[in-house]
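Chemist: Going by our numbering, the letters in the sequence shown line up with residues 5 to 86, in that order.
Just so it is clear, CB atoms sit at the ideal spot from N, CA and C, and this is done for glycine as well.
Computed from a predicted structure; not experimentally measured.
Shown below is the structure under consideration.
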Amino acid sequence: MDNCADLNMELSGCLLGKAGTWWDRASMCMKAKERFGKCCRLNREVLENKGYAREGNTREQNQKIQDYADEYTQKAMKEDKE
């Protein structure tokens, strides 16, 4: 999931002690885990609802669905952050 990669990096950095505050690490990086989990869930839901990888889909159809899901998820996560 390309669109959640930045949140995965944020979570990894926190868990490895390279990013975040002391409190973030003491809370097992809960906020970063929640953001990454939400991104993954949202992306999966959009892909499922749009019919990604359904039998009979062409590669182009799947790519369009994936592009839509990426765009939608990134927009939703950006709005959630604000």
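I'd like to check one pair, THR77 with ASN47: are the Cβ atoms closer than 7 Å?
Modeler: yes
Chemist: Could you round the C-beta distance between LEU11 and CYS33 to whole angstroms and report it? I think they count as a contact, below 8 Å.
Modeler: The pair is not a contact, with the Cβ atoms about 11 Å apart (cut-off 8 Å).
Chemist: Excluding five sequence neighbours on each side, which residues of the same chain lie with their C-beta closer than 6 Å to the C-beta of ALA23?
Modeler: GLY17
Chemist: Kindly indicate which three-state DSSP category THR77 falls into: helix, strand or coil?
Modeler: helix
Chemist: Along the chain, where does the alpha helix (DSSP H) that runs through ALA57 open and close?
Modeler: It is not in any alpha helix (DSSP H) - ALA57 carries neither H nor E in the DSSP assignment.
Chemist: Hey, could you find the ends of the alpha helix (DSSP H) GLU14 is sitting in?
Modeler: 9 to 19
Chemist: Are LYS82 and ILE69 closer than 7 Å when you measure CB to CB?
Modeler: Their beta carbons are not under 7 Å apart, which means LYS82 does not touch ILE69 by this criterion.
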